[in-house]
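Heads up: the protein sequence lines correspond to chains A and B, in order.
Quick note on numbering that gives the first Met the number 0: the first sequence kicks off at 0 and runs consecutively.
Quick note on numbering that gives the first Met the number 0: the second sequence kicks off at 0 and runs consecutively.
Step one of this worksheet: look at the structure below.
There are 2 protein chains.
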Amino acid sequence: MIENELAPKKRGINPAAFFIISFLVIILTGAVLLTLPISSSQGKFTDFLTALFTATSATCVTGLVVVDTGTYWSDFGHLVILLLIQIGGLSYAVIATGMMLLLNRRIQLRERLILQYSLNATSLRGIVSFLRNVLITVFVFETIGAFSLFFVFIKNYPLLKSIKFAVFHSVSAFCNAGFDLIGGFKSFTEYVSNAHLVFTITTLIIVGGIGFIVIHDIIQKIRGIRMHLSLHTKMALLTTLFLIVIGTLIIFVLEYNNPNTLRPLNLWGKLLGSYFQAVTPRTAGFNTLNIGKMNPSTLLFLIVLMFIGASPGGTGGGIKTVTFLVLWLSVTAVILERKSVRFKDRAIPWENVKRAYTVFLLSLTLVVVSWFLLLITEPFPPLNILFEVVSAFGTVGLSTGITPYLSPFARIVIILTMFLGRVGTVTAGMAVLIPFSKRSQIEYPSEEVSIG
Amino acid sequence: MIENELAPKKRGINPAAFFIISFLVIILTGAVLLTLPISSSQGKFTDFLTALFTATSATCVTGLVVVDTGTYWSDFGHLVILLLIQIGGLSYAVIATGMMLLLNRRIQLRERLILQYSLNATSLRGIVSFLRNVLITVFVFETIGAFSLFFVFIKNYPLLKSIKFAVFHSVSAFCNAGFDLIGGFKSFTEYVSNAHLVFTITTLIIVGGIGFIVIHDIIQKIRGIRMHLSLHTKMALLTTLFLIVIGTLIIFVLEYNNPNTLRPLNLWGKLLGSYFQAVTPRTAGFNTLNIGKMNPSTLLFLIVLMFIGASPGGTGGGIKTVTFLVLWLSVTAVILERKSVRFKDRAIPWENVKRAYTVFLLSLTLVVVSWFLLLITEPFPPLNILFEVVSAFGTVGLSTGITPYLSPFARIVIILTMFLGRVGTVTAGMAVLIPFSKRSQIEYPSEEVSIG
Ligand SMILES: [K+]
Ligand SMILES: [K+]
C-alpha cells in the first residue's frame with residue numbers, strides 16, 4: 000500500500016509538530032477565556048496558572064482540578080470547560096483531520112502516516128466514512144446518556160440544573176474527561192449504590208474508551224460491509240473485558256474490610272463500588288469511593304490500571320489496552336522462542352511490537368521523571384504523588400486529594416504530564432526529533448493493529 | 000554459526016530447569032548449614048526461614064539481611080556465607096558450566112544456547128579460555144583487594160580480625176554481595192570519608208560488576224588476540240561510566256543539604272559519599288551514607304539505578320547496563336523511523352532487542368507484583384517497600400532498614416524476588432514454559448551483544 004513518496008517533504012511543516020501546536024492553541028484559548036471574570040462564579044479574574052491547569056485538564060480530558068469545578072466556575076466557565084472536553088475528546092479523530100481538510104492541504108503520505116498514528120486508525124482508507132461514524136456515535140451515545148442521567152438528577156435538583164447536569168456529565172463521561180459539577184471535589188461518591196447512575200456512566204466510559212476504530216469496525220460488521228471483526232477489535236474487546244472483570248474482583252477483595260470505602264455497603268453496593276472503580280481507570284476519572292482513603296495496595300493496583308488505560312483511538316488515555324496485550328504476546332514469543340508474535344492465528348508485525356515497546360518505555364520514563372520531580376518539591380506521601388502523576392499521564396483524573404495543594408512548580412509538571420500523556424510521547428518525540436532525522440524508512444504493513 | 004540440531008532434544012532435561020535446580024540445591028545446602036548451632040555466635044539453632052533468607056541472600060549475592068551478619072553468626076557461619084557468596088558470584092560463569100563438564104555430558108546446541116544465556120557470553124566458542132580468564136581475574140582482584148583493605152582495618156582491629164575482615168569484604172565487594180561484618184547493620188557508614196576504603200571497595204565493585212565478557216575482551220585486546228573491543232564491551236563501559244558520573248552528580252545535589260547524610264561532611268567527603276552511593280547500586284549493596292534517612296527523591300533515583308544494575312555476565316544484578324542502552328537505542332530507532340537499532344556504526348540484531356524488552360518487562364512485572372504483595376501485608380512507607388523490593392530484585396542489598404522487621408510472608412516474597420532476580424526472569428520463564436512449547440526457531444546471529 001505504501002509504495003512511494005518515502006522521501007521527507009521539506010516544504011510542509013512537520014505534521015507531528017502541527018498536531019501538537021494546534022492542541023496548544025486550543026488549550027491557550029481556553030486558558031485565556033477561563034481567566035476572565037465572566038468564567039468564575041465570583042465574577043473575579045482567575046490567576047493564569049489555575050486557568051491553564053483547568054484548560055489543559057479539560058482539553059486533555061484528564062479531570063484533575065485545583066479548584067472545585069462545580070462551585071468555582073460560572074455557567075459560562077462550565078460551557079468553556081464542556082467545549083474544551085468535547086473538542087479534546089474528539090480531537091484525535093476530528094479536529095486534527097478537519098483542520099487539515101479545512102486548510103485544503105493535500106495530505107501527504109508522510110503526513111497521513113503521522114495522522115494515522117494520531118488517529119490510531121489501522122487503515123489509510125475510508126477516513127471520511129470513519130469520521131461520519133465517529134460523529135454519529137458521539138451524538139447518539141451522548142444524547143442517550145444525557146436522557147438517562149436526567150432521570151437520576153431530577154430526583155435531587157430543579158429542572159434546569161438537572162438538564163445541565165445530565166448533558167455535562169454525559170459528555171464528560173463519554174469523553175472520559177472525569178469533570179463533574181457535584182461540588183466539593185466529591186465526584187459521584189454520593190451515588191455509589193445508585194445502579195442507574197453507575198451503569199449509565201460506566202457504559203458511556205466504556206464505549207467512549209473502547210476506541211472509534213472498534214466502534215467503526217462493529218458498525219461495519221453489523222451492516223455487512225465486513226465479514227469478520229479485525230484483529231485489533233478482538234484484542235481491544237478481550238483486554239478491556241479482562242481488565243474490568245479482574246479489576247472488579249481485586250478491588251472487591253482488597254477493599255472489602257476497609258471502613259472508609261466498601262465495608263459500610265451491602266453486598267450489592269460493594270459489587271457496584273468495585274465495578275465502578277474498575278471501570279473508571281479506563282480512563283474516566285470519576286469515582287464513587289473515596290480514593291484517598293483506599294489501602295496502599297489498592298492504590299498501586301489502580302495505578303497499574305490507569306497506566307494501561309483505555310483502548311487506542313478512543314477518548315481515553317494510558318498506554319492503551321492493545322499495547323499492553325501486544326507487550327505480553329511479545330514476551331511469550333521470546334520465551335517460547337517463537338519467530339513471530341501471535342494472537343490467535345494472526346501474526347502481529349514487528350513494527351507494531353516495536354511501537355508498543357516504545358510507547359511503553361517512553362510513558363514509563365515520563366511517569367518516573369515526573370514522580371521524581373514532584374518528590375523533590377512536594378511533602379505528600381510518595382505513593383499518592385505517584386498516583387497523581389499516573390493519573391495525569393493517563394488523562395484519568397482520579398486523585399487522592401492532593402491536587403489543590405500542589406506547589407506552582409508541581410502544577411506545571413502535572414500540566415506537562417497531562418499534555419504529553421494526551422498527545423502521546425511518541426508523537427511528541429517525533430515532533431522534536433524528526434527534523435533532525437537523516438533518513439526515513441518505512442516497512443510494508445501486513446495486518447496492522449493500533450498501538451498506543 | 001548455528002546451522003543444525005535445531006529440533007528440541009527430548010532425552011536431555013531442560014537446561015534452564017537444570018540451572019535453576021542446581022542453584023536451589025546450593026541455597027538449600029547453605030540454609031541447612033546455617034540453621035546449625037555451630038553457625039550462630041550464640042551456639043543455638045537458627046529458625047529455618049532466617050537461615051533460608053540469609054543463604055538465598057548470600058548465594059544470590061544480594062546482601063539483604065534479617066539478622067546482623069557480623070554479630071549474629073559465628074566464624075563458621077561467616078565461612079558458610081563467604082562460600083555461598085563466592086559460589087553465587089561466580090555461579091553463572093563457573094558452576095553451571097563446570098557441573099555440565101563434570102557430568103561429562105556432551106553439551107547440546109540447545110543447551111549451549113541456554114548456557115550462553117546464563118553466562119551471557121557472546122560467543123559459543125572459547126568457553127574454556129573464558130573460564131580460565133574468569134578465575135584468574137577473580138583471584139587477582141580479590142587478593143589485591145584484600146591486601147589493600149587489610150591496611151584500612153589494621154588501624155581499628157587486631158591482626159587476625161583484620162585479615163578476616165580484609166578477605167571477607169574483598170570477596171563480598173568483588174562478588175557484589177554487599178555482606179559486611181562491621182556489625183549493627185552499619186555497613187561502611189563509619190568510613191564515608193576514608194578514601195582508601197572507598198576507592199578499594201568501589202574498584203572491586205566496578206570490576207566485578209562490569210562483567211567477565213568485558214574483562215575477557217580487554218585481556219584479549221591487551222594480548223593482541225583481538226584488534227578491537229567488541230560492541231558489547233564498548234556499550235557496557237560507556238553506560239557504566241555514564242551512570243556513575245551522572246549518579247554522583249545527582250546524589251551530590253539532592254543530598255547536599257540533608258543533615259542526616261552529606262551536610263555534616265566537607266566538600267571532599269560529600270564527593271566521596273556521593274561517588275560511593277552512585278557506584279553501590281551497580282549492584283554491590285554496601286553503603287557509606289544512611290539510606291533510610293535520604294530524601295524520597297534520592298531513594299527513587301537509587302531505585303532506578305538499582306533496577307538498571309550492573310553489566311551482563313558479571314557478579315552484579317539488575318536488568319543490566321547493556322539492556323538499558325539497547326532499550327534507548329531502540330526507542331531512538333522507532334522515533335527516527337530507522338530500520339535498524341544502531342550503536343555507532345553497528346546494527347544490533349532484533350533478537351537482542353526483543354530479549355532486552357522481554358527482560359525489562361518481566362523484571363518490571365516482578366518488581367510491581369512483589370511491591371503489591373508487600374503493600375497488602377506490611378505497614379512500612381510504600382516507597383521504602385519499593386526500595387526493598389528493587390534491592391532484592393537487583394541483588395543489591397541496600398535497605399532503608401525495614402528488612403529485619405518484615406513479616407514471614409514478606410520474607411518469603413523477598414526470597415523469591417532475590418532468587419528470580421538472580422537466575423533471571425527469562426531463564427525462569429524458559430524453565431517453566433519451554434517444555435510446553437510446540438516448536439523452536441532460532442535466528443541466525445549477526446554480531447551479538449549480551450542482554451540482561
Ligand atoms: K479523564
Ligand atoms: K549485592
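Heads up, the beta-carbon is just placed ideally off N, CA and C, and yes, glycines get one too.
* Asked: According to DSSP, which residues form a beta bridge with V340/A?
  -> The sequence position of residue 340/A within the first sequence is 341, counting from 1. DSSP output for V340/A lists I347/A as bridge partner(s).
* What do you reckon, are the CB atoms on P311/A and I205/A nearer than 8 Å? -> Locating residue 311/A in the first sequence gives position 312, where the first residue counts as 1. Locating residue 205/A in the first sequence gives position 206, where the first residue counts as 1. With contacts defined as CB atoms closer than 8 Å, P311/A and I205/A fail to qualify as a contacting pair.
* Asked: Relative to the C-alpha of I153/A, which residue among N257/A, S161/A and T45/A is closest?
  -> As a first step, residue 153/A is located in the first sequence; it is residue number 154 there, counting from the start. Residue S161/A is the option with its Cα nearest to I153/A.
* Asked: If you measure beta-carbon to beta-carbon, which residues of the stretch 319-335 of chain B are closer than 9 Å to chain A?
  -> So the close ones are L326, W327, S329, V330, T331, A332, V333, I334 and L335.
* Asked: Ends of the alpha helix (DSSP H) at R410/A?
  -> Against the first sequence, residue 410/A aligns to sequence position 411. Looking at the DSSP string, the run of the alpha helix (DSSP H) that includes R410/A is P407 to V422.
* Should V367/B be flagged as near chain A, meaning a C-beta pair shorter than 8 Å? -> The count along the second sequence starts at 1 and reaches residue 367/B at position 368. Residue-level contact by beta carbon holds for V367/B and chain A, with a gap shorter than 8 Å.
* Check whether the Cβ of V395/B sits closer than 7 Å to any heavy atom of ligand 2, and report yes or no. => Locating residue 395/B in the second sequence gives position 396, where the first residue counts as 1. Yes.
* Could you spell out the range, first to last residue, of the alpha helix (DSSP H) harbouring G207/A? => Walking along the first sequence from the start, residue 207/A turns up at place 208. First-last of the alpha helix (DSSP H) with G207/A: A194 to I209.
* Pick helix, strand or coil for E40/B, following the three-state DSSP scheme. => If you number the second sequence from 1, residue 40/B lands on position 41. A quick correction: the sequence has Ser, not Glu, at residue 40/B. Note: S40/B maps to coil in three-state DSSP.
* **Limits of the unbroken alpha helix (DSSP H) element including Y404/B** => Start at 1 with the first residue of the second sequence, and residue 404/B comes out as number 405. DSSP places Y404/B outside any alpha helix (DSSP H), giving it a letter other than H or E.
* **8 Å Cβ cut-off: residues of chain B touching V425/A** => To locate residue 425/A, count along the first sequence from 1; it is residue 426. The contact set of V425/A on chain B, defined by CB atoms closer than 8 Å, consists of V333 and I334 in chain order.
* **Completely contained beta strand (DSSP E) runs for the stretch 28-74 of chain B, where each covers 3 or more residues** => Entirely contained in the stretch 28-74 of chain B, not one beta strand (DSSP E) run reaches 3 residues.
* Chain-ordered chain A contacts of V412/B [CB-CB under 7 Å] -> As a working note, residue 412/B is residue 413 in the second sequence. Those do not exist, as V412/B stays about 13 Å from chain A at its closest Cβ, beyond 7 Å.
* To do: Note down, in chain order, each residue of its chain lying with its Cβ closer than 8 Å to the Cβ of L288/B, except the 5 sequence neighbours on either side.
  => To locate residue 288/B, count along the second sequence from 1; it is residue 289. Annotation for L288/B: T188, V191, E254, T260, L261, G272, F275 and Q276 place their beta carbon closer than 8 Å to its own, counting only its chain and skipping 5 residues before and after.
* Under 8 Å between C-beta atoms, does K292/B make it to chain A? -> Residue numbering aside, residue 292/B sits at position 293 when the second sequence is read from its first letter. It does not; no Cβ of chain A falls within 8 Å.
* **Nearest to K43/B (by Cα), restricted to the options L264/B, L335/B, E141/B and G76/B** => Counting from 1 along the second sequence, the entry for residue 43/B is found at position 44. Cα-wise, what sits closest to K43/B is G76/B.
* Asked: Do we get a CB-CB distance below 8 Å when we pair S296/B with the residues of chain A?
  -> Your numbering for residue 296/B matches position 297 in the second sequence. Among the CB atoms of chain A, one or more fall inside 8 Å of the CB of S296/B.
* To do: Run the CB neighbour count on M234/A, radius 10 Å, all protein chains shown included, and call it buried at 16 or more, exposed below.
  => Here residue 234/A corresponds to residue number 235 of the first sequence, with the count starting at 1. Under the 10 Å beta carbon count, M234/A is surrounded by 16 or more other beta carbons and is classified as buried.
* Have a look at L83/B, T45/B and S56/B and flag the residue whose alpha-carbon is nearest the alpha-carbon of W72/B. => In the second sequence, residue 72/B corresponds to position 73, counting from 1. Comparing Cα-Cα distances from W72/B to each of L83/B, T45/B and S56/B, the minimum goes to T45/B.
* Along chain A, which residues have their Cβ under 8 Å away from the Cβ of I375/B? -> The residue given as residue 375/B occupies position 376 in the second sequence. Within 8 Å Cβ-Cβ: L253, N294 and S296.
* Can you pull the chain B residues whose beta carbon is under 8 Å from the beta carbon of G313/A, in chain order? => For the purposes of this step, residue 313/A is taken as the residue at position 314 of the first sequence. Within chain B, no residue comes near G313/A; the closest Cβ sits about 23 Å away, beyond 8 Å.
* Mind reading off the beta-carbon distance from L299/A to L374/B? Whole number of angstroms is fine, and I expect it under 8 Å. => On the first sequence, position 300 is the one that residue 299/A refers to. On the second sequence, position 375 is the one that residue 374/B refers to. Indeed, because the Cβ distance is near 6 Å, the residues count as touching under 8 Å.
* Asked: Alpha carbon to alpha carbon, what distance is there between T416/B and F47/B?
  -> Here residue 47/B refers to the residue found at position 48 when the second sequence is read from its first residue. Here residue 416/B refers to the residue found at position 417 when the second sequence is read from its first residue. When only Cα atoms are considered, F47/B and T416/B end up about 18 Å apart.
* Could you say if the stretch 311-324 of chain B and the stretch 333-340 of chain B meet the contact criterion of at least three C-beta pairs nearer than 8 Å? => Touching, no.
* **Spatially closest choice to G177/A from N132/A, T53/A and D216/A, by CA coordinates** => Looking up residue 177/A in the first sequence gives position 178. Of the candidates N132/A, T53/A and D216/A, the one whose C-alpha sits nearest the C-alpha of G177/A is T53/A.
* To do: Can you pull the chain A residues whose beta carbon is under 7 Å from the beta carbon of T260/B, in chain order?
  => Here residue 260/B corresponds to residue number 261 of the second sequence, with the count starting at 1. For T260/B, there are no neighbours in chain A by C-beta distance under 7 Å, as the nearest C-beta there is about 15 Å away.
* To do: Compare the Cα-Cα distances from V278/B to each of V321/B, I384/B and V395/B and report the closest residue.
  => For the purposes of this step, residue 278/B is taken as residue 279 along the second sequence, with counting starting at 1. Checked all of V321/B, I384/B and V395/B; the closest Cα to V278/B is V395/B.
* Using a Cβ cut-off of 7 Å, pull out every chain B residue sitting near F371/A, in sequence order please. => In the first sequence, counting from the first residue as 1, residue 371/A sits at position 372. The answer, in chain order, is S296, L299 and F300.
* Asked: Would I224/B be called buried (16 or more neighbouring beta carbons within 10 Å of its own) or exposed?
  -> As a working mapping, residue 224/B is identified with position 225 in the second sequence. Flag for I224/B reads exposed.
* Under the three-state reduction of DSSP, which class applies to D216/A: helix, strand or coil? -> Mapped onto the first sequence, residue 216/A falls at position 217. The answer is helix: DSSP assigns D216/A an H, G or I state.
* Which chain A residues sit within Cβ distance under 7 Å of L360/B? -> Taking the first residue of the second sequence as 1, we reach residue 360/B at position 361. Here the neighbours are L326 and V330.
* Alpha carbon to alpha carbon, how far is G69/A from V31/A? Give it in angstroms, no decimals. => Position 32 of the first sequence holds residue 31/A. Position 70 of the first sequence holds residue 69/A. Computed Cα separation, rounded: 19 Å.
* Endpoints, the alpha helix (DSSP H) within which Q187/A is located -> On the first sequence, position 188 is the one that residue 187/A refers to. Inspection of the sequence shows that residue 187/A is occupied by Phe rather than by Gln. Careful: F187/A lies outside any alpha helix (DSSP H) and carries neither H nor E.
* To do: Indicate the three-state DSSP secondary structure (helix, strand or coil) for Y274/A in the structure shown.
  => Within the first sequence, residue 274/A is the residue found at index 275, counting from 1. Reduced to three states, the DSSP call for Y274/A is helix.
* By Cβ distance below 7 Å, which residues in the same chain neighbour I249/B in space, the five residues on each side in sequence not counted? -> Walking along the second sequence from the start, residue 249/B turns up at place 250. Take I249/B, set aside five residues on each side of it, and the residues of its chain with a beta-carbon closer than 7 Å to its own are F300, in chain order.
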